[in-house]
Each structure stands twice: as C-alpha cells, then as structure tokens.
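Working notes, beginning with the structure itself.
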Amino acid sequence: MKARKIKRNQMTPPVRTLNKLLLVVLFISMVLPLLNVLAISFSSPQASMSPGLMLLPREFSVSGFVYIWTRANLWRPFLNSLFVTTVGTVFQIFLSAIAGYVLIKKDLPFRRFILVFIMTTMMIPGELTLVSVYTLYRDLNLLNTYTGLITNGLVSGFSILLLKNYFESIPHSVSEAATLDKAGEFKIFRKIYLPLSIPGLVTVGFISFVSKWNTLMVPVSIITDQDKYTLPMVLQALVFNTSSTSGTEFIAPNAVMAAIVISVVPLIVVYVIAQKFLVSGMTIGAVKG
Amino acid sequence: MKRNLKKYVFIYILLIPVILYFIVFSYTPLIMGIIQSFQASRLMGDVEWVGFDNYRIVLQDTSFIRSLWNGAIINLGTMAGSLFLALVTAVGLNEIKNKSVRSTVQTTSYLPYLFSWTVVGGMWVFLLSPNGFINGIINLFSGPRVLFMTRANLARGIMIFTGIWKNVGYHTVLFIAAIVSINPNLFEAAQIDGASREKQIRKIIFPELVPTLKVLIILSMMGLFTNFDQILVMGNPAIIDRIRTPMFYVYENGIERFNIGLATAASVIVLLLTMILTAIVSKLLSGKWRIR
C-alpha cells in the first residue's frame, strides 16, 4: 500500500524524461565551460593555443601556473586581494555584530531613527555614487592606498540587519537570566549572543568575503599604482590584452586560464568551509528581512 | 527616557564607528553627487554653478539615451531568462529523488554566482574566441567560424546569455529553499484528493514560489542600470555602443575623462529613474508603493 502511494506521487513518465533531459542539458552547459578552463590551464602553451574542444589537458603541464605566478607576478595582486579582503571581512563581521546587537535593545532611545538611518543606506545604490566616491577618496587622500580599498564597502546595512534578525531569534529568557546573574552588557554579548550566532556570523563573513574578493568597480577607479592592483583588476587587464591584438607581451591562453583558476580557489575554499552554516544562517536571518 | 539615555551611553559609543562610516561613505557621496551635478566640471579653481546645464547635455547625448536602452534590455533579458530557467530547474530538481545528484547539480550551477565578472567574463571571452570551445562545437557540425566578440548584433545576446549562466544557479537555490519550506501536509491532502503530481506542482508549488519571484523581480529592477563589471570585462570597441550601460557611461565620463558634472548628472537621472521604475513595479506586483 505504502509503496503504491509513493509511486503514485510522481510525474508521468514522459514529463519525467523531459525533466531529466532538461537537467542534464543544464548540468552539461554549466560544467563543460568550467572543465574547458581547467583543461587549458593545465596544458602546455602550444597546446593551449590549438583550436577545438578540450576537456582534458593536452600535453599536461603546469607551466601556465608557474609563468603567471612568478614571471607575471600574480602573487602580488593575489596577496593584495587576500589582505584587503580578510581585513575588510573581519571589520564587517565585528562592526555589524555590534550594531546588530545594539538594535535588538527594544527600549533604546532613538532606536527607530537609527534603524531607518541604516536601512536608507541600503537603498542608495553604491554604483551610482561612484564618481562622488572617487572625489571623496581624492579629498581624503585615500587614492592608491590599502585603506581606500578596505573602506570600500566596509560595513553594510544588509549584514547589520541579518545579524539583528539572528540575535532576535535567540530566546530573550537566556539574556534575562544572565542579567539577573549581574553579567555586564558586554559579557552577555560575548558569552551568550556571539557563540549562539555562529551560523549568522559565518554567513555575514562569507557574503562579505565573496563580494570584497570580487569587487572591481571602485578599485579600478581609485587605484592606478600597479603595486596595489587587486586580483580582479589584473584579470581584467589580462582578458583585455588577449581579446585585443595589441598586446605588450604575449601571454599564452594556458597562463590566462591559470590566473582564472588561481583566483577562484579562495572562493571555493571559503564556500566549502562556510557551506554547512549557510543554510541556517540565511533562513533565520531572512525570516524578517 | 532620561534614565534610559544614561543606561545606554556605552551602547551609543559602540555605535559611533558604524554611524560615522555611513555618514562619510554613504550619505556624503550621495549629497556630494547631487551638488556636483549642478557644477561645471573643473579640477581646480573656483566652483562654477551651471544650473541644469549638465542635465541638459546628458539628456541630449544620444549615447546616454542608448545606454538606458542597453541597460534595460540586457538586464531584463538576463532577469527573465534566469528566473524562468531557475523556476523550471528548481521544480525539476525537487522531483529528483537521488539526493547526491540533486546537490551536485545545485552546487555546480551555484558556483558561477560566486565568481566575479572578471572570471566569468574572461572565461566566456575565451570560450567564444575564434579558437575557443564554442567554435570547436560549431566546427564539429562543420559550421563556419563565428567571431562572436566582434559582432555588434550578437553583443547584447551574449551579455544576456552569460548573465543567465552566472545567475541561474543562485536563483535556483532561492526557489528550492522556498519549495522546501512548503508544508508537506498540503501534498498529502492533494494526494488523498487524487491530484496528479503535475497538478500538485501547478496548484501548490507554483503559487508558493510567487512571493520569492516578486522579490527577485523587484530586486533586479533596482539594478536595472547598474551593470558595470560585465561590460568592463567583456566590452570592446567593436561592440561597446550596443552594450554600454548607464553605469559604464558614468564611469567613462566621470573617471576616465574627469567630466564630473556630466557623470554625476547622469547618476542622478539614473537614480531617479530607478526609483520611479522600482516603485511602479512593486505597486504592480504587490499593490504597495515602495521604493525598495
């Protein structure tokens, strides 16, 4: 009886086949381009230039990686990006946790005003203030500095609200008990709220790491000093050089693809680490979002 | 009230860095931008007020007007394609019983969303190059070689396609989250009433996905004209007229040519246009006027 019931709650065979076919097509069109990039990056320079379909490396070699890392000095923008992103992410988590905690105090004077003040910043599209951000950075002497790169999107209204919602999901009785025990405000925050909010904190950290690692628009606007280039800026220049024929020094496709592979490794590492917290962090944070 | 204020002095001190950051880096640029849009573009010397001159110039610039169309077409195309495909994929994946197959498809299609446009754009410029993967496939069917990245009539299509490729996995994940949260009792009840699975999908799953769909549409309306990274990475002189978005126009004029008055005027116009369109769309979708 039970088996029959389960069997009945399925789509009809032709629809089922169509569904599987669609999913296979989607999967292939997502995976093949990625495989192709991987295959080219591990090929020899000559083989990487030959036309055609390539899903496995031809003439396996890591010369692309060696070339782009040492001869083309990719290590420098890589470290720049890593430094700026890590520092920025730590600040993002720290500042939004504090602001989020403050905002759960229901009897805080001016709470409503502060909340509106923060939420309004989410409605200002950062993209559209680019030119005035540039002049602001110029006036503050932040052009071509790491400080400038780090302050770009240092804390966002979104992560403050996400953590505020997360903190609110922690039962109030927990902190009340601690208050009765004469625990100070800061101690309650550090010993109760932070440990109980790991998924929320990881989610904020993850979102912030990804967006800071990938950010391109503000860096290309405020950085002209090659020593401070970030990874996306160098990749953009590499792609532009290969698509236009007027190259300074010719860089073989395997090296360009190696640069792409190198630049996504940290993202994948962070994703794998954060993955198991992401779902709960997202869903609880989004309940009231 | 007064006692509260005293009690919370420490807490207000904690908030100072965040409030200060938003004042300096969010509100100041916005106000500066509005002020600069009424000034002549000069690097030094006295400020010269020019009224609405910058706005007049921008609105008479055909490349700005065209950029509005470009941005709208590329973003609406990407949004429609990605949301439709994600909807089909999410519903379809939900029917697959094998859990590891499900999570493999989900994760691989989500990955491109994590990557920057420099990665995705760079990849596709390469895949679409004369010796690239796509021409390899065309060659397999003995078709002629296509120079994708220099054909102006293909440019918007390529932007839309790569946009969909990058976003579809993310949208799928959001739809799946909405499907998973549906109360299983609904399906049981439908089953007892003898509804087929197709009917359950139509009558239970689709209606439950509508709120998510609406939020995503409103969100992408807010980003209608702000597409930048993709154009910077994938654009080239042969096709730029077809794909120059308003944001790219602002960058070219403001950052590359230091024409700050012109660029900020364009920003303000785009900001107002975005607010109006978003308000109209959310009114149409949810019956409420709201900016966000």
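Just so you know, the protein sequences line up as chains A and B, in that order.
Everything in the first sequence is counted per the numbering used here, starting at 1 for the first residue and increasing by one.
Everything in the second sequence is counted per the numbering used here, starting at 1001 for the first residue and increasing by one.
A virtual CB, placed ideally from N, CA and C, is assigned to each residue, including glycine.
Beta-bridge partners of Q1039 of chain B (DSSP): B:W1049. Per the Cβ contact rule, the stretch 11–19 of chain A is not in contact with the stretch 214–230 of chain A (fewer than 3 Cβ pairs under 8 Å).
Residues are counted here when their Cβ sits less than 9 Å from a Cβ of chain B; for the stretch 157–178 of chain A these are G157 and I160, given in chain order. In this chain, V62 of chain A is not harboured by any alpha helix (DSSP H), its DSSP state being neither H nor E.
Judged by DSSP secondary structure, L1087 of chain B falls within the alpha helix (DSSP H) whose first and last residues are T1062 to E1095. For S263 of chain A, a Cβ of chain B is located within less than 8 Å of the residue's own Cβ. At the C-beta level, F60 of chain A and Y101 of chain A stay beyond 8 Å of one another. With contacts defined by Cβ atoms closer than 8 Å, T1264 of chain B and S1037 of chain B form a contacting pair. The beta-carbon of F1133 of chain B is placed less than 8 Å from the nearest beta-carbon of chain A. With 16 or more other Cβ atoms from the protein chains shown falling within 10 Å of its own Cβ, G1261 of chain B counts as buried.
Across the set A:V261, A:G157 and A:L235, the C-alpha of A:G157 shows the shortest separation from the C-alpha of M122 of chain A. Here V264 of chain A is buried: its Cβ has 16 or more other Cβ atoms, across all protein chains shown, within 10 Å. DSSP, reduced to helix, strand and coil, places V155 of chain A outside both helices and strands of the structure shown, so it counts as coil. The C-beta separation of L115 of chain A from L103 of chain A comes to about 6 Å, placing the pair in contact by the 8 Å criterion. Out of B:Y1251, B:Q1060, B:I1218 and B:N1259, the CA that lies nearest to the CA of V1281 of chain B is found in B:I1218. The Cβ of R1197 of chain B sits closer than 8 Å to at least one Cβ of chain A.
DSSP places T1104 of chain B in the uninterrupted alpha helix (DSSP H) bounded by K1099 to L1114.
Residue state for G1194 of chain B is assigned as coil, using DSSP reduced to three classes.
Boundaries of the alpha helix (DSSP H) around G1121 of chain B: W1117 to L1127. Boundaries cannot be given for M1149 of chain B, as no alpha helix (DSSP H) includes it and DSSP labels it neither H nor E.
Looking at the backbone, the Cα of L1272 of chain B and that of L56 of chain A are separated by about 50 Å.
V1009 of chain B sits away from V155 of chain A, with the two beta carbons spaced by 8 Å or more.
Legend: CB atoms of the stretch 1024–1053 of chain B lying less than 7 Å from CB atoms of chain A belong to residues F1025, S1026, T1028, P1029, L1030, M1032, G1033 and Q1036.
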